[in-house]
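Student: Encoded as structure tokens, here's the structure I'll be asking about.
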Amino acid sequence: MFLNSLLFTISANMKGWDLFVNSLWPMIQGAIKGTIPLTLISFTTGIMLALITAIMRLSSYKFLTIPARVYVSAIRGTPMLVQLFIVFYGLGQLGFTINPFPSAIIAFSLNVGAYASEVIRASILSIPKGQWEAAQTVGMSYGQSLRRIILPQAARVSIPPLSNTFISLVKDTSLASLILVTELFRKSQEIAARTYDFMLLYVEAALLYWVICFILSLVQDRIEQRLERYVS
Amino acid sequence: MFLNSLLFTISANMKGWDLFVNSLWPMIQGAIKGTIPLTLISFTTGIMLALITAIMRLSSYKFLTIPARVYVSAIRGTPMLVQLFIVFYGLGQLGFTINPFPSAIIAFSLNVGAYASEVIRASILSIPKGQWEAAQTVGMSYGQSLRRIILPQAARVSIPPLSNTFISLVKDTSLASLILVTELFRKSQEIAARTYDFMLLYVEAALLYWVICFILSLVQDRIEQRLERYVS
Amino acid sequence: GTSDEDNSTSNQDTNAEGASLYDEIMEKGVINVGTEGTYAPFTFHNDEDKLTGYDVEVMREVAKRMGIEVNFMETQWDSMFAGLNSARFDVIANQVGINPERKENYDFSNPYTVSSAVVVVPEDNTDVTSFDDIEGKTSAQSLTSNYEKIAKEHGAEIQGVEGLAQAIEMIKQGRVQITVNDRLAVLDYMQQQPDAGIKIAAQQDEVSETAFAFRKGNEELVQAFNEQLEAMKEDGTLTEIAKKWFGEDVSQ
Amino acid sequence: MFLSVKGLKKAFGDQEVLKDINLEIERGNILTIIGPSGSGKTTLLRCLNALERPDKGTYSFDDGLELHFSDHIKKNDMTRLRLKSGMVFQSYNLFPHKTALENVIEGPLIVQKRNKDAVMTLARDLLEKVGLSDKMDLYPHQLSGGQQQRVGIARALAIQPELMLFDEPTSALDPELVGDVLKVIKDLANEGWTMAIVTHELRFAEQVSDRVLFMDNGYIVEQGSPKDVLRNPSEERTKQFIQRIMNP
Amino acid sequence: MFLSVKGLKKAFGDQEVLKDINLEIERGNILTIIGPSGSGKTTLLRCLNALERPDKGTYSFDDGLELHFSDHIKKNDMTRLRLKSGMVFQSYNLFPHKTALENVIEGPLIVQKRNKDAVMTLARDLLEKVGLSDKMDLYPHQLSGGQQQRVGIARALAIQPELMLFDEPTSALDPELVGDVLKVIKDLANEGWTMAIVTHELRFAEQVSDRVLFMDNGYIVEQGSPKDVLRNPSEERTKQFIQRIMNP
Ligand SMILES: Nc1ncnc2c1ncn2[C@@H]1O[C@H](COP(=O)(O)OP(=O)(O)OP(=O)(O)O)[C@@H](O)[C@H]1O
Ligand SMILES: Nc1ncnc2c1ncn2[C@@H]1O[C@H](COP(=O)(O)OP(=O)(O)OP(=O)(O)O)[C@@H](O)[C@H]1O
Ligand SMILES: [Mg+2]
Ligand SMILES: [Mg+2]
């Protein structure tokens, strides 16, 4: 019903439709230049950070677990927006001036690192102890067991929750406009500022995000299927 | 190092410290009047919505699964901000004018409902098939099995991921300021707008969020322990 | 009191050799300017997606006359002063209204816009004809703006919104009765959205002035801006730019 | 004749798991089902309990209930069928969030809505019967496998079924714990319960059964008295199977 | 004497699981360990394989390696100890993301870094020895339990240990599949491997062992030739145990 009315509002109003069509390309450009590279780079580095953090938290040394815990707790406990501000403006006030795009990458990677580390930790813990022991009995060291036996199995378990983190990240990148990075949502705001039709443009942005997330979920399915290969 | 410099900046600057102290109480009020009730109410209704959605998705009837899938996909695929705008301004344009606070509750509940439904669905699926069958053999109907056997066990599995959703919600409520609800973050912005010290006030807001999340994680631990009661 | 004196006179404005910000800018030949890019017709993106608007053009002209390039850095109003404080920008060109509080924390150039506050009401409204009539009415305002203060001073209840478009949407939906805003911005809105069903019900007598905002302690830079602005006033360039955007001279 | 099954067929997708099953169970009799892995023993029990819906075939009970699975079956008849039998699983499947006692009362109290006091008395009696009167308030994870399986038996008995079904009730147990469970089943046999038991404990089968049934590949290959089937099997496949189990 | 164990002790927290274990294993001999659940059999094997670190006691090997567990043990010595034995688990513990062949080559190739061609030949030979030459490229979930266990044996053999340890290698298997695995173990016995086997298959123990060891409650209650321990146990506890297993 709502959607109907909305479509009606849009189509009854040819100006609205024109605006919709004309703003599509700038927004897609915003996605291609901002949203997508931000997401991909931050996710990749974030996952590596997450892996290190997860392994630190699983260690039996306090001097490794405590920093990992504090990091995870601080990042998960505070708003993304503030993290961006601290990296960009806060470090700037203290004399470390980092450009917008790398600042965004740092903040988002730290964010992904914290959330994903919990996922990875849980997935490592979910692998039966027998797998560690079997690896040990064929002579593997901790690192070898982790790399060759545990992580490949943990990967399968962690794909669905990691894809949640990923999808959240796609949308969180819209915050990057606060620190001068132009992306999809910023584009919609720019156009809305000119035309004052913010509802239409925000809904359009939302649809684009949806499309991106949908495509990503297809990719997720593919990866999951590949990893399912070896389980019944 | 960063924290050190920050503390130094703050403490070397007694005016900054005064501002920090003076703004604490308004922000806490914002938390008590906005952040916390918004979070609690939205989470409660969201969980109920999530339960219904999860059960719909698990059904074998397309006319139940498809709406549930679309709902989950649409909400997870689009930014929270836009969802808030649609409920508040969008429905308003169509003639359904809802006040800010209830609008925020609706939008956040819908959001929690989508994210949590996936968690609940996964936790229901994680309960061994044997439990369904055992319930069936003592004569239980689908509803009875679900209520008395499956959900109590699924609850235990779903606490950690649901607490993620919850913690995200705490911070997402800051978006409610965009539709006129005054909460913690809005307070920090208001004070910052007056004093121009955005960094200090945002960091202060972040610390408050962290405290809230920390307290919530203690509550989570308690609940988990209670539910662990019956497993070794 | 605020902490900004310390920030604004902080180490970043003179480098190790003691060169001032002005010297630095002139040497590099580029100035970093903070602006929203989403505030039409002052600073926004046109159909070709190019940053433009009154403030943007004035800024460009000033820089051209100083013989330097402009590097616009676009961010939201919320982080505008954070960007200035942390030396991300050297100046803000974004219709920053001059008021005593801000003056305590920042330096201002001479004003380049003179406007006034107006009250916007639904087209069919008849009971608001002056600023005195808004007492007790609910007004949608951007909480960090000058206009919020004006509305409050006249006894209106405040509802916070994100910008003018949202404020007017609130009026259209009957959630609030009025909004107080900048006359020029409202005129632009009414030109873009002629069917909006709103009108200007009253205009303040006192004028409000907006200017470029700088961190404190950069008199040399402010001075340089003022020289160029004066020159632009004298040779009519400023008036020309104003007329291009507003059809009238809003610069004085 | 308590139950007579005719022409029972069940396939999962393309795979025919039960191909043409005909059998009869007398009231008070004990039927043991043996056979190699994958031969369909579990599926047969599950069909008897309505956990799986057969594709074809007929059940006729002595109280007049008749189910023709080629036709549509009324929901009500499926429920009647289900409550005729109690099922004991290989892996116990106790409710982990409920104590032993709560596991037992769940059926009669919640489903059958019987009087609470009566149910409590019944449950206590049953738990005593299986030798667990001192473990009633423990959770499943606090019990050994053998104790859990005995709770499982009490839980199945509590709905007062006419037929008890056991699917390899001891095969998940430590060898030393097997005895306790088999003893409970023997006691039930002596009390005159009607039972169908899938088991690999051939010695036990010999002692307790009235009738032994050997399945292979979805068919009943041979059935008869324990002595006939276990000591003097007439089919080659049966001989082989018994040989392999007795002397691994 | 391949290995002599003296005064072995192991506790988990307060609970003493191995209390004072003394035993000897001769090269080429087969030692069977029997005993009730929880008596410490698995823990003993795990201590021999260094999966658990003993609290006290001494291991002396015939090649001169000596470990005194009261003292600090060099990491290098623990590694030497671990590679002396191959472990076969009750629940197989195959690597599910690797094929049968990959499971077998993992140890020699990755850990011992032996020549790839040699390792492949070795792995193929081993899989053939356990009767799986046609299943090399299947994943564990595509194999039956008995087949998985045989891959487990091949995997343990591949690191070419001097001692093979088996922890109830058939107790998770369907009765019919037990035979195949026991046959493989018998073949290894005939080839002269040194082995320690925990099992509940007393008949098999009798056939294959040189020495049987009965554990209870963390102690070795009785040990000797299979005939002595299984047919004429001198201790009451042993008699009881054998009685219960043989006639459940
Ligand atoms: N739900 C199902 N879906 C598909 N195939 C099934 C299903 N249940 C059982 N089967 C198949 O039906 C066949 C018979 O299975 P069933 O469990 O009845 O054998 P069984 O005689 O009980 O064996 P076991 O002694 O191993 O328990 C097997 O090949 C099995 O894979
Ligand atoms: N990692 C551990 N932590 C604490 N207790 C343990 C651990 N491993 C074993 N135990 C305890 O040690 C005792 C001996 O266990 P073990 O597994 O060695 O017995 P077992 O003889 O192999 O029994 P089973 O026949 O059931 O396999 C048991 O009481 C067990 O609960
Ligand atoms: Mg079965
Ligand atoms: Mg054991």
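Residue numbers (our numbering), protein chains in the order written: chain A, 14 to 245; chain B, 14 to 245; chain C, 173 to 424; chain D, 4 to 251; chain E, 4 to 251. Cβ coordinates follow ideal geometry from the N, Cα and C atoms, glycine included. On a predicted model such as this, the values are computed, not experimentally measured, just so you know.
Of all the options A148(A), I137(A), I45(A), S190(A), which has the alpha carbon lying nearest to the alpha carbon of M245(C)?
Tutor: Looking up residue 245(C) in the third sequence gives position 73. The shortest Cα separation from M245(C) among A148(A), I137(A), I45(A), S190(A) belongs to S190(A).
Student: Just confirm the distance between the C-beta atoms of V122(D) and R158(D), as a whole number of angstroms; I'd bet it's less than 8 Å.
Tutor: Residue numbering aside, residue 122(D) sits at position 119 when the fourth sequence is read from its first letter. Residue numbering aside, residue 158(D) sits at position 155 when the fourth sequence is read from its first letter. About 12 Å separates the two Cβ atoms, so there is no contact after all.
Student: Contact between the stretch 137–151 of chain A and the stretch 110–118 of chain A is defined here as three or more beta-carbon pairs at a separation below 8 Å; is this criterion met?
Tutor: The answer is no - the stretch 110–118 of chain A does not touch the stretch 137–151 of chain A, with fewer than three Cβ pairs under 8 Å.
Student: Got a sec? Which residues, its chain only, sit under 7 Å from D227(C) by beta carbon, not counting five neighbours each side?
Tutor: Here the question's residue 227(C) lines up with position 55 in the third sequence. Counting only Cβ-Cβ distances below 7 Å, and skipping sequence neighbours, we find T207, F214, T215, A265, N266, Q267.
Student: Taking DSSP as the reference, what is the three-state secondary structure of I370(C)?
Tutor: Within the third sequence, the letter at position 198 stands for residue 370(C). I370(C): strand per DSSP, three-state reduction.
Student: Which value, in whole angstroms, describes the spacing of the CA atoms of M69(B) and K12(E)?
Tutor: In the second sequence, counting from the first residue as 1, residue 69(B) sits at position 56. In the fifth sequence, counting from the first residue as 1, residue 12(E) sits at position 9. Approximately 56 Å between the Cα atoms of the pair.
Student: The stretch 15–40 of chain D: which residues have C-beta closer than 8 Å to a C-beta of chain E, in chain order?
Tutor: Listed by position along the chain: P39, S40.
Student: In the DSSP assignment, find the alpha helix (DSSP H) that holds K75(A) and state where it starts and stops.
Tutor: Taking the first sequence and counting its residues from 1, the one referred to as residue 75(A) is at position 62. Counting along the chain, the alpha helix (DSSP H) containing K75(A) begins and ends at 75–90.
Student: Going by beta carbon distance, what residues of the same chain come within less than 8 Å of I88(A), once the five residues before and after it are set aside?
Tutor: Mapped onto the first sequence, residue 88(A) falls at position 75. Q96, L123, N124, G126, A127, Y128, listed in sequence order.
Student: Measuring CB to CB, does E233(E) end up less than 8 Å from E209(E)?
Tutor: Along the fifth sequence, read from residue 1 onward, the residue named residue 233(E) stands at position 230. Along the fifth sequence, read from residue 1 onward, the residue named residue 209(E) stands at position 206. Note that residue 233(E) is Leu in the sequence shown, not Glu. Yes; because the gap between Cβ atoms is below 8 Å, this pair is in contact.
Student: List, in order along the chain, the chain D residues whose C-beta lies closer than 7 Å to that of E238(E)?
Tutor: Start at 1 with the first residue of the fifth sequence, and residue 238(E) comes out as number 235. Under the 7 Å cutoff, chain D gives no residues; its nearest Cβ is about 16 Å from E238(E).
Student: CB-CB under 7 Å to S175(C), same chain, minus the five flanking residues each way: which ones, in chain order?
Tutor: Position 3 of the third sequence holds residue 175(C). With a pLDDT of 38 at S175(C), under the threshold of 50, the predicted position of this residue should be treated as unreliable, and no value is reported.
Student: Which of the three DSSP states, helix, strand or coil, is assigned to E241(B)?
Tutor: By one-based count along the second sequence, residue 241(B) stands at place 228. Reduced to three states, the DSSP call for E241(B) is helix.
Student: Beta-carbon within less than 8 Å of Q425(C)'s beta-carbon, same chain only, minus the 5 sequence neighbours each way: which residues are those?
Tutor: One cannot answer for residue 425(C) here, as it falls past the ends of chain C, which runs 173 to 424.
Student: Taking the continuous alpha helix (DSSP H) assigned at Y361(C), which residues delimit it?
Tutor: The sequence position of residue 361(C) within the third sequence is 189, counting from 1. It spans 355–364 - the alpha helix (DSSP H) in which Y361(C) sits, taken as one unbroken run.
Student: Rounded to the nearest angstrom, what separates D234(B) and S314(C) at their Cα positions?
Tutor: Within the second sequence, the letter at position 221 stands for residue 234(B). Within the third sequence, the letter at position 142 stands for residue 314(C). Going by the C-alpha atoms only, they are around 41 Å apart.
Student: In terms of residue numbering, what span does the alpha helix (DSSP H) encompassing Y128(A) cover?
Tutor: What you label residue 128(A) is simply residue 115 of the first sequence in a count that begins at 1. Unbroken alpha helix (DSSP H) run through Y128(A): 113–139.
Student: At the 8 Å Cβ level, is S317(C) part of the contact set with chain A, yes or no?
Tutor: Taking the first residue of the third sequence as 1, we reach residue 317(C) at position 145. No, no contact with chain A.
Student: So V29(B) packs on L231(B), CB below 8 Å; how close in whole Å?
Tutor: Here residue 29(B) corresponds to residue number 16 of the second sequence, with the count starting at 1. Here residue 231(B) corresponds to residue number 218 of the second sequence, with the count starting at 1. In the sequence as displayed, the identity of residue 29(B) is Gly instead of Val. G29(B) to L231(B), Cβ: 30 Å. No contact.
Student: Determine whether the Cβ of E179(D) lies closer than 8 Å to any Cβ atom of chain E.
Tutor: Translated into the one-based positions of the fourth sequence, residue 179(D) becomes position 176. So yes, E179(D) belongs to the interface.
Student: From the DSSP output, read off the bridge partner residues of Q11(D).
Tutor: Start at 1 with the first residue of the fourth sequence, and residue 11(D) comes out as number 8. Note that residue 11(D) corresponds to Leu in the displayed sequence, not to Gln. Answer is I24(D).
Student: For N235(D), does the three-state DSSP call read helix, strand or coil?
Tutor: Against the fourth sequence, residue 235(D) aligns to sequence position 232. Residue state, collapsed to three classes: coil.
Student: Looking at chain A, is there any beta carbon in it that lies within less than 8 Å of the beta carbon of I106(B)?
Tutor: Counting from 1 along the second sequence, the entry for residue 106(B) is found at position 93. With the sequence shown as reference, residue 106(B) is identified as Gln, and Ile is not the correct amino acid for it. For Q106(B), the answer is yes, since a Cβ of chain A falls inside 8 Å of its Cβ.
Student: Can V20(E) be considered in contact with ligand 2, in the sense that its beta carbon sits closer than 7 Å to one or more heavy atoms?
Tutor: If you number the fifth sequence from 1, residue 20(E) lands on position 17. Yes - ligand 2 has a heavy atom lying nearer than 7 Å to the Cβ of V20(E).
Student: Using a Cβ cut-off of 8 Å (strictly closer), state whether F98(D) contacts chain B.
Tutor: Working through the fourth sequence from its first residue, we reach residue 98(D) at position 95. Interface residue, yes.
Student: Tell me the rounded alpha-carbon separation between V198(D) and P165(B).
Tutor: The residue given as residue 198(D) occupies position 195 in the fourth sequence. The residue given as residue 165(B) occupies position 152 in the second sequence. The question names Val, but residue 198(D) is Met in the sequence shown. Distance between the alpha carbons of M198(D) and P165(B): 32 Å.
Student: Report the neighbours of H203(D) on chain E: residues whose CB is nearer than 9 Å to its CB, in chain order.
Tutor: Indexing the fourth sequence from 1 puts residue 203(D) at position 200. Near H203(D) (Cβ distances below 9 Å), the residues of chain E are D177, P178, E179.
Student: Are the beta-carbon atoms belonging to R83(D) and N52(D) less than 8 Å from one another?
Tutor: Position 80 of the fourth sequence, counted from the first residue, corresponds to residue 83(D). Position 49 of the fourth sequence, counted from the first residue, corresponds to residue 52(D). Cβ distance not < 8 Å, so R83(D) and N52(D) don't count as in contact.
Student: Indicate whether N353(C) and V422(C) have their beta-carbon atoms separated by less than 8 Å.
Tutor: On the third sequence, position 181 is the one that residue 353(C) refers to. On the third sequence, position 250 is the one that residue 422(C) refers to. Cβ atoms of N353(C) and V422(C): not closer than 8 Å.
Student: Do the CB positions of G149(D) and L176(D) come within less than 8 Å of each other?
Tutor: Counting from 1 along the fourth sequence, the entry for residue 149(D) is found at position 146. Counting from 1 along the fourth sequence, the entry for residue 176(D) is found at position 173. Yes, they are a contact pair.
Student: With a threshold of 8 Å, are at least 3 pairs of Cβ atoms found where one atom belongs to the stretch 140–147 of chain E and the other to the stretch 169–188 of chain A?
Tutor: Because the criterion of three Cβ pairs below 8 Å is not met, the stretch 140–147 of chain E and the stretch 169–188 of chain A do not touch.
Student: Could you pull out every residue in the same chain whose Cβ sits closer than 8 Å to the Cβ of W145(B), ignoring the five residues on either side in sequence?
Tutor: Stepping through the second sequence from its first residue, residue 145(B) is reached at position 132. The answer, listed in chain order, is S158, I162, I163.
Student: Output, in sequence order along the chain, the residues in the stretch 203–216 of chain A whose CB is closer than 9 Å to any CB in chain F.
Tutor: Absent from the structure is chain F; the protein chains it does hold are A, B, C, D and E.
Student: What does the alpha-carbon distance come out to for the pair E241(B) and Y142(D)?
Tutor: As a position in the second sequence, residue 241(B) is number 228, starting the count at 1. As a position in the fourth sequence, residue 142(D) is number 139, starting the count at 1. Each residue's alpha carbon lies about 12 Å from the other.
Student: Check whether the stretch 272–284 of chain C and the stretch 373–393 of chain C are in contact - that is, three or more C-beta pairs closer than 8 Å.
Tutor: Touching, yes, given that three or more Cβ pairs across the two stretches are closer than 8 Å.
Student: Using beta carbons (cut-off 8 Å, strictly below), is S245(B) in contact with chain D?
Tutor: The sequence position of residue 245(B) within the second sequence is 232, counting from 1. Any reading at S245(B) needs caution, since the residue's pLDDT is 47, under 50, leaving its predicted position unreliable; the model's value is listed next. Interface residue, yes.
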